[in-house]
Amino acid sequence: MKRLLVRVLFYTIVIGYAVITVGPFLWSLFTAFKMTPDINTLWVPLDRLTLANFENIVLSDEYPFARWFWNSLIVAAIVTAGNVIFNSMAGYALARINFPGRRVLFLIVLAVMMVPGQVILVPMYMLLSELDWINTYAGLTVPFLTQGFGIFLMRQFFLSIPRDLEEAGFLDGLSRWGVFWRIVLPLSKPALAAQTIFMFMGNWNSFMWPNLLTTSEEMYTLPVGLNSLYGEYDAFWNHVLAGAMFMTIPVIIVFIIFQRHFIKGLATTGLK
Amino acid sequence: MNAQPTTVGTKPAARRRRSGLFSDPLMGYLFTLPVIVSLSVFLIGPIIYAFFLSFQSFTFLDPEGAQFVGLDNYLKLFEDERFHRALFNTSIYSLGVIPVQVSIALVLALIVNSKIKGKTFFRVAYFLPTVTSTVAVSVMFLFLFKKDGLLNHFLGWFGIPARSWFDDVTFALPSIMVMAVWSTVGQFMVIYLAGLQDIPDDLYEAAQIDGANRWQQFWYITLPMLKPTTFFIVVMSIIGTFQVFDQMYVISGGDGGPLDATLTVVLYLYNKAFKDFEMGYASAIAFFLFCVILILTLIQRKFFGEEMRM
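Heads up: the protein sequence lines correspond to chains A and B, in order. Residue numbers for the first sequence follow my numbering, beginning at 1 and rising by one. Residue numbers for the second sequence follow my numbering, beginning at 1001 and rising by one.
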């Protein structure tokens, strides 16, 4: 009897917390399908639901969501590609190539990891306006192409690959680049996957920098666009929430597909 | 100077022999060139410039009129009551969020790690808020927490009067704290999960042989073994909570209202720099934040130093 009670209590907590985490998404999704007069009605029969809100935000000129989606995609793709390539190259050099200044460079990478991004808000803004890069793709991507933490993680991973494989590559006559490209990178798929996922996700969701660096609507990324949409049309909750779902659902789908890599990646990057 | 080359010369030679790899400066620099350029131009340069600015009276509107003001910007931090408010709010936020966040994360990790049905489903469900953008989460919660929103409907069943949670001076910050816990617990749950899986099974087997019940096993094995993980999570969480910005910006419309109730250090910095154009003072705030985070990171490094060695 006591065992059964414990089990019931256990599953109540388990399911209860899942309701708390998933509930707000379902409620927002439900509202995103409601017609404007129904927004504050708790239960709306399913046949009164409509796709019009999604059509409205994506297709109408009033809300350039399609454009913002495109901006987010371009920016996140460029930043992710840059980080995956450059962080891996630097991480490999720091792990495996002997060169003067390697130690100093590694210490610098460790040091900059400790600096919160907010410290450079002002000088970065000044630098980018000097370059005329405010409100351009260049301004949203070029400054963010490498990252201390990413370099550090790749270095740690490369240190764990057995050296013999690389040395065999050298004996077979591969160049340094050949060894890196044909032997080391194919062995690093889990680390590269984790890096790709986190960089993309972080960039897709980032708000502070694009909010500062974009000044006109057509250059907004999704989070900046959604914030401005909420600011202007907060009575039309169905539109605003359709926008929120529009930017969230792709991420959730990607997450569900890759959830194993994802959670493994987070667990390893978090601790080791 | 003469003795230098011999000592320096032998060391890399020994290393070379050990590793079987030759020193290769050209390749070393080619591989690190993009990172060296990018870090210098977009991170180290700006950091140095920010430090320089923090001793200046500087505004973007009149760059020529910049003046050296010594420590004035830093001294102003001691007198500026809005800054104190921002620091107070940030500390409350941090102190309120962390214990709740860490406890829930641990409980969820234990649940997801146990033998329950639908483990994957629950793991995904608990992690979902973590992958969602803070702006989308803020918008969702603004809707849930508004005066005629779902939360007030629910609380109405228990006779709790409806209020507009995010517009209320008393409740705005706690409401954002609830939201913060909701959206970040998943991340720490996963780190705990990794920690749990690293605990060797024989410890539990030995304890069972000694007759320890489940509760005792948790108290005397799991919890002590998770100590480094917990420490790591707490430090990460302090660092994260001290940089909070997005939620406050979206929910207060950028001004930290109502009546500065949701003003945080970074939001204040942002507004000082880009609304009041007091860039020098904003830089001083930035370095204050940097020092707080530096101290925390150094504490963490001291305990997790192993990884950092060459």
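Note that beta-carbon positions come from the ideal geometry of N, C-alpha and C, so glycine has one too.
Under the three-state DSSP convention, the category residue 1242 of chain B falls into: helix
Closer than 8 Å to chain B by CB, residue 236 of chain A: no
According to DSSP, residues forming a beta bridge with residue 72 of chain A: Per DSSP, none; premise fails for residue 72 of chain A.
Opening and closing residue of the alpha helix (DSSP H) in which residue 1029 of chain B lies: 1025–1039
N-terminal and C-terminal residue of the alpha helix (DSSP H) that residue 1071 of chain B is part of: Where residue 1071 of chain B is concerned, there is no enclosing alpha helix (DSSP H), given that its DSSP letter is neither H nor E.
Residue-chain proximity (residue 1244 of chain B, chain A), Cβ-Cβ < 8 Å: no
Contact set for residue 1244 of chain B: own chain, Cβ-Cβ below 6 Å, skip 5 residues either direction: 1264
Distance, residue 51 of chain A Cα to residue 1310 of chain B Cα: Low confidence applies to residue 1310 of chain B: its pLDDT is 38, below 50, so where it sits in the model is not reliable, and the reading given next is rough at best. Taking the straight line from one Cα to the other gives about 57 Å.
Rounded separation between residue 1167 of chain B and residue 1135 of chain B - CA only: 18 Å
Per-residue contacts from residue 176 of chain A into chain B (C-beta, under 7 Å): 1024 and 1027
Chain A within 8 Å of residue 1274 of chain B, Cβ atoms only: yes
Buried or exposed (CB count within 10 angstroms, at least 16 for buried), residue 94 of chain A: buried
Inter-residue spacing [alpha-carbon to alpha-carbon] between residue 1061 of chain B and residue 1224 of chain B: 56 Å
Any 3 or more C-beta pairs closer than 8 Å across the segment 1219–1235 of chain B and the segment 82–89 of chain A: no
Which residues DSSP lists as bridging residue 1056 of chain B, in chain order: B:1068
C-beta contact flag for residue 1027 of chain B and residue 97 of chain A at 8 Å: yes
Residue 1271 of chain B, DSSP secondary structure in three states: helix
Under 8 Å from the C-beta of residue 1057 of chain B: neighbouring residues of chain A: Those do not exist, as residue 1057 of chain B stays about 13 Å from chain A at its closest Cβ, beyond 8 Å.
Where residue 1137 of chain B falls, given that 16 or more other Cβ within 10 Å makes a residue buried: buried
Entirely enclosed alpha helix (DSSP H) segments - the segment 1104–1138 of chain B, minimum 4 residues: 1119–1131
CA nearest to the CA of residue 1093 of chain B, picked from B:1271, B:1239 and B:1130: B:1239
For residue 155 of chain A, the nearest candidate out of A:166, A:109, A:131 and A:133 (CA to CA): A:109
Whole-angstrom distance between residue 1130 of chain B and residue 215 of chain A, CA atom to CA atom: 28 Å
Residue-level contact to chain A via CB, residue 1250 of chain B, 8 Å cutoff: yes
Among A:29, A:120, A:2 and A:133, nearest to residue 252 of chain A - alpha-carbon criterion: A:29
C-alpha distance - residue 1104 of chain B paired with residue 1157 of chain B, whole-angstrom precision: 26 Å
Outcome for residue 6 of chain A when other beta-carbon atoms lying within 10 angstroms are tallied against a minimum of 16: exposed
Residue 1161 of chain B to residue 1043 of chain B span [Cα, whole Å]: 50 Å
Residue 31 of chain A, enclosing alpha helix (DSSP H) - first and last residue: 2–32
Three or more C-beta pairs below 8 Å linking the segment 1279–1290 of chain B and the segment 1045–1057 of chain B: yes
Interface flag, residue 37 of chain A vs chain B, CB-CB below 8 Å: no
Test: residue 102 of chain A CB closer than 8 Å to a CB of chain B: yes
For residue 119 of chain A, the nearest candidate out of B:1288, B:1300 and B:1302 (CA to CA): B:1288
Alpha-carbon spacing of residue 171 of chain A relative to residue 183 of chain A, whole angstroms: 13 Å
Interface partners of residue 1253 of chain B on chain A, CB under 7 Å: 231
CB contact below 8 Å: residue 1020 of chain B versus chain A: In this prediction, residue 1020 of chain B scores a pLDDT of 44, lower than 50, which makes its location untrustworthy; the coordinate-derived value is nonetheless stated afterwards. It does: the Cβ of residue 1020 of chain B has a partner Cβ on chain A nearer than 8 Å.
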